[in-house]
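A.B. asks: In this note's numbering, the protein residues as written are 18 to 689.
Glycine included, each C-beta is placed from N, C-alpha and C at the ideal position.
These figures come from a predicted structure and were not determined experimentally.
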Ligand code: PRX
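Structure follows, in structure tokens:
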């Protein structure tokens, strides 16, 4: 109370100095709702000032927000201790807190009936609401179940389950007892699941009997059984009943989660954790075959997810935040679970697909549930454009305030369709650029900033605390406007990943060695005449298929497992709906005389069974050789150009060991 009186006196005096009254009014309205801590930041008179301050004084900016927006058990003494050169990131040292208290208990205490989760099930119209007090009950029961299963501080719990309130409660329950969760997207194959579980060393795995999506059931528990034949770390499997299908339960290992929850108390004392204790691991693709377990911290991650959720989308309590991502990806972690709940918000859990039962699913749901923020993926928008506008326009979308997009570039056509058809030219488009490693939105138009015009196809402006720079091949910063370079981030922020599980060396090597003193994102970017950023694509061997990140080396490793394959090179190529498609060039072993179509089908099945359906190559081209340098390095640049039908623009091929192979490949590609 005393603080707010002091604050209003300070701001009155501060604002009295303004000359431009309308600008002041807008800024004042913005800051009073989004940054009530403004007084602490000193003489800030515009949104740009605030951003500048956040990168000049990250310690002050983030520690003020950490104290006002998180609930601490013990205050921290050191705001930050970070070093890009060694990949060391420590935030809020000395502080202690519990993430589930911050996401659930503090809201359940003040407003137990407030809705935390709205679960839109696959079947249209079937909705389940979960209040904060109900979520608290679930979290407590699952936490006690995990304790019963021997899970303690620092132990890893793997989740392989469809999105549901139980899945969200399971994530929060691991946090409640100081354990670490690793959610594996439930579309991954048994092999992919096994590799991730094994690397994480998970003791307990939570799954469901089946998942339901687009009216189809997928036997998740069966996949888990196959995966666990190969890895021994998991001692207990907890099974959520989703469809009630009959499944095999392995004695002494498998238990029904609902039965365990009924037997357990809803009261579980939260474990007091250090700010820097890991909250979760999330596996993502890199440029080698082995997925990396990106490790995120507790306090820093949560603060970054909640602050970006509030400010990128201008979220106001009471609104329904509709992020349609799955919890198996970082978007689901930050903007379905942690960001919305830490803000005391109401979050949608969307179990279905955009085209089930028909392509009006999203917008029918928007009308029925009165969704205020809709956050989706460009690939889904491109798919929906093809079905025609009437699937959108027949539903009332007046509840929507902001439309968000993530995962890949939002091309002009999709941007305009989203803006005009879906948003009736009324809603801001929030094209958010970020990564699993950044923990939350890093570049985004920030519609909560007054006077911020939108620029189609560009994420535009850095979030608070974000300091993007463009670097050239020599590692020099490219200054000015209308310039391109490697996109790096030059100021540490609390949401940055802390390490790669079990391999800090790889963490340093991957992100901090190419440009010492910076975090290298792996993306290229263009800074336009207005200073807005546009992402030009990945600069490494990672591709983006239907918004899913995929290492080309992962697919190559699988293809070369086939008995008849000698070598494979995989590249991405522009695909109208998927963003990028997978194109595989394959050399068969000498003397293989089998039907090419058969091998092609076998290879596709192999990729599906070893990785997932989204990784299946669209094209498999059999070739007698690959374009290699004299030292044996495959020139993927040439393969990418051929796959994209840009044969006129192959560049210099004279340095190849056998330049004539290029012509052979082109001919085969044109015949395919
Ligand atoms: O290439 C960028 C692309 O997705 C990559 C990150 O993938 P992932 O870690 O799976 O996280 C996806 C969800 C945050 C980035 O390096 N990407 C993400 N958002 C955008 C984007 N490319 C262009 N525009 C975006 N808005």
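How big is the Cα-Cα spacing for residue 570 and residue 684?
C.D. replies: Each residue's Cα considered, the two are about 25 Å apart.
A.B. asks: Which same chain residues, not among the five before or five after residue 145, have their C-beta less than 6 Å away from its C-beta?
C.D. replies: Within the same chain, residue 145 has close Cβ partners 136.
A.B. asks: I'd like to confirm something about residue 446: is its beta-carbon nearer than 7 Å to some heavy atom of the ligand PRX, or not?
C.D. replies: No; taking the cut-off as 7 Å, the Cβ of residue 446 has no heavy atom of the ligand PRX nearer than that.
A.B. asks: Three Cβ pairs or more, each shorter than 8 Å: is that satisfied between the region 319-331 and the region 454-463?
C.D. replies: Enough Cβ pairs lie closer than 8 Å, so yes.
A.B. asks: Shortest alpha-carbon distance to residue 201 belongs to which of 381, 180, 562?
C.D. replies: Considering only alpha carbons, the answer is 180.
A.B. asks: CB-CB under 7 Å to residue 24, same chain, minus the five flanking residues each way: which ones, in chain order?
C.D. replies: Its pLDDT being 34, under 50, residue 24 is placed unreliably in this model, and the value from its coordinates should be taken loosely. 56, listed in sequence order.
A.B. asks: Where residue 510 and residue 499 are concerned, what is the direct C-alpha to C-alpha distance, given to the nearest angstrom?
C.D. replies: Going from the Cα of residue 510 to the Cα of residue 499 covers about 26 Å.
A.B. asks: Is residue 427 close to the ligand PRX? I mean its beta-carbon at under 7 Å from any heavy atom of the ligand.
C.D. replies: Because some heavy atom of the ligand PRX lies under 7 Å away, the Cβ of residue 427 counts as near it: yes.
A.B. asks: Just to check my reading of the structure: residue 131 and residue 160 have Cβ atoms closer than 8 Å, yes? What is that Cβ distance to the nearest angstrom?
C.D. replies: Incorrect: roughly 21 Å between the Cβ atoms, too far for contact.
A.B. asks: DSSP has residue 290 in a bridge; who is on the other side?
C.D. replies: For residue 290, which the question treats as bridged, DSSP gives the partners 114.
A.B. asks: Nearest by alpha-carbon distance to residue 648: which of 672, 660, 666 is it?
C.D. replies: If we check each option's Cα against that of residue 648, 672 comes out closest.
A.B. asks: Beta-carbon within less than 8 Å of residue 678's beta-carbon, same chain only, minus the 5 sequence neighbours each way: which residues are those?
C.D. replies: Taken in chain order, the residues that qualify are 640, 641, 642, 643, 644.
A.B. asks: In chain order, which beta strand (DSSP E) runs of at least 3 residues are fully inside the region 529-558?
C.D. replies: 536-544, 550-555, all fully within the region 529-558.
A.B. asks: Measuring from the CB of residue 558, is there a heavy atom of the ligand PRX at a distance below 7 Å?
C.D. replies: Checking the Cβ of residue 558 against the ligand PRX gives no.
A.B. asks: For the ligand PRX, is there a heavy atom less than 7 Å away from the beta-carbon of residue 629?
C.D. replies: Residue 629: no, Cβ never under 7 Å from the ligand PRX.
A.B. asks: Quick check on residue 257: does DSSP put it in helix, strand or coil?
C.D. replies: Residue 257: strand per DSSP, three-state reduction.
A.B. asks: Taking 7 Å as the cut-off, is the CB of residue 325 close to at least one heavy atom of the ligand PRX?
C.D. replies: Result no, Cβ not under 7 Å from the ligand PRX.
A.B. asks: With burial defined as no fewer than 16 other Cβ atoms inside 10 Å of the residue's Cβ, what is the status of residue 173: buried or exposed?
C.D. replies: By the 10 Å Cβ count, residue 173 comes out buried.
A.B. asks: Opposite residue 108 in the DSSP bridges: which residues?
C.D. replies: For residue 108, which the question treats as bridged, DSSP gives the partners 97.
A.B. asks: Assuming contact is defined by CB atoms lying nearer than 8 Å, are residue 134 and residue 152 in contact in what I supplied?
C.D. replies: In contact: residue 134 and residue 152 (Cβ atoms closer than 8 Å).
A.B. asks: Go to residue 616, then tell me how far its alpha helix (DSSP H) extends in each direction, as first and last residue.
C.D. replies: Taken as a continuous stretch (DSSP letters only), the alpha helix (DSSP H) holding residue 616 covers 613-627.
A.B. asks: Give the secondary structure of residue 141 by DSSP, where H, G and I count as helix, E and B as strand, and everything else as coil.
C.D. replies: It is coil, neither helix nor strand.
A.B. asks: Judging by CA-CA distance, which residue of 599, 614, 609, 628 is the nearest neighbour of residue 656?
C.D. replies: Out of 599, 614, 609, 628, 599 has the C-alpha closest to the C-alpha of residue 656.
A.B. asks: With H, G and I counted as helix, E and B as strand and the rest as coil, what does DSSP make of residue 579?
C.D. replies: In this structure, residue 579 counts as coil in the three-state DSSP scheme.
A.B. asks: Contact check, residue 623 vs residue 579 under 8 Å by CB: the rounded distance?
C.D. replies: Right, their Cβ atoms sit about 6 Å apart.
A.B. asks: Is the closest heavy atom of the ligand PRX to the C-beta of residue 662 under 7 Å?
C.D. replies: It does not: the Cβ of residue 662 is nowhere closer than 7 Å to a heavy atom of the ligand PRX.
A.B. asks: So, is residue 533 buried or exposed, given that buried needs 16 or more other C-beta atoms within 10 angstroms?
C.D. replies: The residue in question, residue 533, is exposed, as its Cβ has fewer than 16 Cβ neighbours within 10 Å.
A.B. asks: Using only the alpha-carbon positions, how far apart do residue 225 and residue 629 sit?
C.D. replies: Roughly 18 Å between the two C-alpha positions.
A.B. asks: Could you tell me whether the region 290-302 touches the region 387-400, using the rule of 3 or more Cβ pairs below 8 Å?
C.D. replies: The region 290-302 vs the region 387-400: no contact.
A.B. asks: Cβ of residue 566 versus every heavy atom of the ligand PRX: is any distance shorter than 7 Å?
C.D. replies: Yes - the ligand PRX has a heavy atom lying nearer than 7 Å to the Cβ of residue 566.
A.B. asks: If contact is defined by three or more beta carbon pairs under 8 Å, each pair taking one atom from either stretch, is the region 418-431 in contact with the region 486-493?
C.D. replies: No, because fewer than three Cβ pairs between the region 486-493 and the region 418-431 fall closer than 8 Å, the two stretches do not touch.
A.B. asks: So, do the region 539-551 and the region 501-508 have three or more beta carbon pairs nearer to each other than 8 Å?
C.D. replies: Counting Cβ pairs under 8 Å, three or more are found: they touch.
A.B. asks: What I want to know is whether the C-beta of residue 452 ends up closer than 7 Å to one or more non-hydrogen atoms of the ligand PRX.
C.D. replies: Yes, Cβ of residue 452 sits closer than 7 Å to a heavy atom of the ligand PRX.
A.B. asks: Excluding the 5 residues preceding and the 5 following residue 183 in the sequence, name in chain order all residues of the same chain whose CB lies nearer than 6 Å to its CB.
C.D. replies: Excluding sequence neighbours, residue 183 sits near 257.
A.B. asks: Taking residue 51 as the reference, which of 129, 291, 326 has the closest Cα?
C.D. replies: Residue 51 has its Cα closest to that of 326, out of 129, 291, 326.
A.B. asks: State yes or no: is the C-beta of residue 437 within less than 8 Å of the C-beta of residue 287?
C.D. replies: In this structure, residue 287 does not lie closer than 8 Å to residue 437 by Cβ.
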